[in-house]
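Undergrad: Quick one: structure below, then a few questions.
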Amino acid sequence: MQSKKKLSPTEAKQKIYRYCAYQERSHKEVRDKLYEYGLYRDEVEELLSALITEGFLNEERFAKAFAGGKFRMQRWGRIKILNELEARGLTSNCIKIGMKEIEDADYIKTLREILERKLNQLDEDNAFVKRDKLARYAIQKGFEPDLVWPEVKTLVKD
Numbered sequence: 001m002q003s004k005k006k007l008s009p010t011e012a013k014q015k016i017y018r019y020c021a022y023q024e025r026s027h028k029e030v031r032d033k034l035y036e037y038g039l040y041r042d043e044v045e046e047l048l049s050a051l052i053t054e055g056f057l058n059e060e061r062f063a064k065a066f067a068g069g070k071f072r073m074q075r076w077g078r079i080k081i082l083n084e085l086e087a088r089g090l091t092s093n094c095i096k097i098g099m100k101e102i103e104d105a106d107y108i109k110t111l112r113e114i115l116e117r118k119l120n121q122l123d124e125d126n127a128f129v130k131r132d133k134l135a136r137y138a139i140q141k142g143f144e145p146d147l148v149w150p151e152v153k154t155l156v157k158d
């Protein structure tokens, strides 16, 4: 395993500013990156507070961008997005704010589109197996089972 060269606080500051300017980041991601640069805890905390003060880091903004992006681009469901935001160390308040980016009407519409697309790909005659495969697919993408099953039952009749 190759050890990375330790960066000076000045070099790390320049790199981390570029890293944060490129896309929204969570505090945890930035903290981990600063430790990768070989900085000590007090230097990391100092840089983090500078990034927050100067507006480069904002967890609410990150939560909104992450939730909205994963829903619109990757077509993830709320459960998967919520779990990923929690794994990134966001506060429950930030997560709630981020989840508000997903409109209910768009959410149901996306679920239907995902199910219809998957239904067209399935080569299965048995209605029960077809329903099961559809539901598993949508649930695996993070959609709530209590929303998935009624949609699956309307798409696949006996």
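No gaps in the numbering here: position 60 of the sequence shown is 60 in full-length UniProt numbering, and each next residue is one more. For each residue, glycine too, the CB sits at the ideal point set by N, CA and C.
#1: Taking Cβ to Cβ, would you say residue 71 is nearer than 8 Å to residue 79?
#2: Between the Cα of residue 102 and the Cα atoms of 67, 90, 156, which residue gives the shortest distance?
#3: Does the beta-carbon of residue 54 have 16 or more other beta-carbons within 10 angstroms, so that it is buried, or is it exposed?
#4: Helix or strand or just coil, what does DSSP make of residue 76?
#5: Would the beta-carbon of residue 111 fall within 8 Å of that of residue 134?
#6: For residue 155 and chain D, any beta-carbon pair shorter than 8 Å?
#7: Kindly list the residues whose CB is nearer than 6 Å to the CB of residue 159, restricted to its own chain and excluding five residues on each side of it in sequence; keep chain order.
#8: How about residue 60 and residue 115: do their beta carbons lie closer than 8 Å?
#9: Quick one, which of 147, 123, 94, 125 has its alpha-carbon nearest residue 104's?
#10: Classify residue 131 as helix, strand or coil using the three-state DSSP reduction.
#11: Measuring alpha carbon to alpha carbon, tell me which residue in 137, 136, 141, 131 is nearest residue 157.
#12: The alpha helix (DSSP H) with residue 156 in it runs from where to where?
#13: Let me know the secondary structure DSSP gives residue 47 once reduced to three states.
#14: How many whole angstroms separate the CB atoms of residue 26 and residue 62, which I take to be in contact at a CB cut-off of 8 Å?
#15: With distances taken Cα to Cα, identify the nearest neighbour of residue 94 among 58, 107, 69, 108.
TA: Straight from the coordinates:
#1: One thing to note: residue 71 has its Cβ no nearer than 8 Å to the Cβ of residue 79.
#2: The alpha carbon of residue 102 has as its nearest neighbour, out of 67, 90, 156, the alpha carbon of 67.
#3: Burial check for residue 54: the Cβ neighbour count within 10 Å stays below 16, so the residue is exposed.
#4: Residue state for residue 76 is assigned as coil, using DSSP reduced to three classes.
#5: Their beta carbons are not under 8 Å apart, which means residue 111 does not touch residue 134 by this criterion.
#6: Of the chains in the structure shown, none is chain D; there is only one protein chain.
#7: No answer is possible for residue 159: it lies beyond the span of the chain, which begins at 1 and ends at 158.
#8: No, Cβ-Cβ distance for residue 60 and residue 115 is not below 8 Å.
#9: Closest option to residue 104, judged by alpha-carbon separation, among 147, 123, 94, 125: 147.
#10: In the three-state scheme derived from DSSP, where H, G and I count as helix and E and B as strand, residue 131 is classed as helix.
#11: Among 137, 136, 141, 131, the Cα nearest to that of residue 157 is on 131.
#12: Taken as a continuous stretch (DSSP letters only), residue 156 belongs to no alpha helix (DSSP H), as it is neither H nor E.
#13: Residue 47 falls in the helix class under three-state DSSP.
#14: Sure, about 5 Å apart at Cβ, within 8 Å.
#15: Nearest C-alpha to residue 94: 58.
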